[in-house]
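Have a look at the structure below before the remarks.
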Amino acid sequence: MRISIVFKGPKEGLTLPVHYNHLVQAFIYRSLDATLASFYHERGFAYGKRRFKLFTFSRLLGKERKFNPEKREITFHGRVKLKISAVDDRLLESFATHLVREGQFRLGENLCEIEAVEVEMPVSAKGPLIVRALSPITIHSTLYTPEGKKKTYFYTPFESEFSAKIFENLMRKARALWGEEAELPPLNGAYIRPFRVSKKNEVIIGFKKLRESEEEGKYERSETPGKSRNFWIKGWTGLYELALPEPYFTLAYHAGLGARNSQGFGMIEVVK
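Here the sequence shown stands for residues -8 to 263, where the numbers follow this note's numbering.
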């Protein structure tokens, strides 16, 4: 299931830090039923030691926006759209119900007014498709230096590992959702290739970890003393040619491609 919310910020504009993903994620959790929010934040869907949230969201989509390089802020004027998708319909039903009931919400320090909540029509895979990354696609490996220190390596769409790692991740999501004993078809012939991707599509986003506060149902960024609040994630937007059999395409479409989906990475839409 996938929904879009259309909203407006304050009259003077909706001003956010350039790296605003954590604010959108916190807003989503705050808008869920408390039990559901706790399940997704603390547990999710498990496969071995890994846990997947199986939802994702787009970047904020607005025609009128202005970047302030000195303050590292972005200001949106007029209507803004946010797309959210999830494997579990309950998440989006809870989210949409809350928004319709309240009619407004806070995003950072901004009070926003809801104008519309729209349910998008489902799509299905019919051969290779051209898809657009509505939020950066990221996939990585943890490597070790000769000194034994951990190092995160983010793959580019121009490396063969990019596709291979994305499909390994997708298979783990499938096992987390349907169980290790489920009979799943092989990913024979599956691929993701850059269709219109260049260096300008590379995105580096600073993310602040989310924690649940002592006040029930409140989610906010972590402010751990003595530690950096940010960790950095590299991803890629652009257009891709994607070939995925069912049920994997529907899973990727609703849960996101690659890693860090619930932090606002890997949401795609079909272009043609």
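Cβ coordinates follow ideal geometry from the N, Cα and C atoms, glycine included.
Just so it is clear, the structure is predicted and the values come from calculations on it, not from any experiment.
Output needed for residue i: all residues of its chain with C-beta closer than 6 Å, excluding positions within five of it in sequence on either side, in chain order.
| i | result |
| --- | --- |
| K62 | none |
| S253 | K44 and F46 |
| Y31 | K44 |
| K190 | none |
| E111 | R(-7) |
| H89 | S22 |
| G99 | L7 and L14 |
| D24 | S85 |
| G4 | T66 and H68 |
Which same chain residues end up closer than 8 Å to residue i when comparing Cβ atoms and leaving out the 5 residues on each side of it in sequence?
| i | result |
| --- | --- |
| K263 | L120 and I121 |
| G94 | E104 and I105 |
| P177 | none |
| G118 | A234 |
| R41 | R163 and A167 |
| K142 | T133, L134, Y135 and T136 |
Whole angstroms is fine: what's the gap from residue i's alpha carbon to residue j's?
| i | j | result |
| --- | --- | --- |
| V108 | F(-2) | 9 Å |
| G257 | M(-8) | 16 Å |
| L14 | F96 | 12 Å |
| G170 | I75 | 25 Å |
| Q16 | T26 | 17 Å |
| G35 | S132 | 22 Å |
| E55 | K225 | 25 Å |
| T215 | E174 | Unreliable positioning characterises T215 in this predicted model, as indicated by a pLDDT of 39, which lies under 50. The coordinate reading is nonetheless provided below. Approximately 43 Å between the Cα atoms of the pair. |
| S126 | G53 | 14 Å |
| S151 | I183 | 10 Å |
| P1 | G139 | 50 Å |
| L83 | V188 | 31 Å |
| P60 | A155 | 36 Å |
| Y20 | N12 | 13 Å |
Verify the contact flag: residue i, CB atom, against every heavy atom of the ligand FAD, threshold strictly below 7 Å.
| i | result |
| --- | --- |
| K141 | The ligand FAD is absent from the structure shown, which contains no ligands of any kind. |
Assign residue i to buried or exposed, taking buried as 16 or more other Cβ atoms, counted over all protein chains shown, within 10 Å of its Cβ.
| i | result |
| --- | --- |
| K164 | buried |
| F153 | buried |
| G229 | buried |
| G180 | exposed |
| R81 | exposed |
| F58 | exposed |
| S49 | buried |
| L235 | buried |
| F222 | exposed |
| L73 | buried |
| V243 | Looking at the sequence itself, residue 243 is Ala, so the reference to Val does not match. The residue is buried, with at least 16 neighbouring Cβ atoms inside 10 Å. |
| L102 | exposed |
| V91 | exposed |
| G69 | exposed |
| I195 | exposed |
In the DSSP output, which residue or residues are listed as bridge partners for residue i?
| i | result |
| --- | --- |
| R187 | L230 |
| R56 | F67 |
| P8 | E64 |
| F48 | I75 |
| V15 | Note: V15 sits in no beta bridge, so no partner. |
| F43 | F36 |
| T133 | T143 |
| E193 | W227 |
| N101 | L98 |
If you drop the 5 nearest sequence neighbours on each side, which residues of the same chain put their C-beta closer than 7 Å to that of residue i?
| i | result |
| --- | --- |
| G249 | I128, T129, I130, I157, N160, F256 and G257 |
| G39 | none |
| D79 | L45 |
Hey, residue i and residue j: beta-carbon distance below 8 Å or not?
| i | j | result |
| --- | --- | --- |
| Y146 | L134 | no |
| F186 | E232 | yes |
| S115 | E237 | yes |
| F264 | H10 | Past the boundaries of the shown model lies residue 264; the chain is included only from -8 to 263, so the question cannot be answered. |
| T6 | T66 | yes |
| F86 | S22 | yes |
| A124 | A37 | no |
| A28 | H245 | no |
| E64 | P113 | no |
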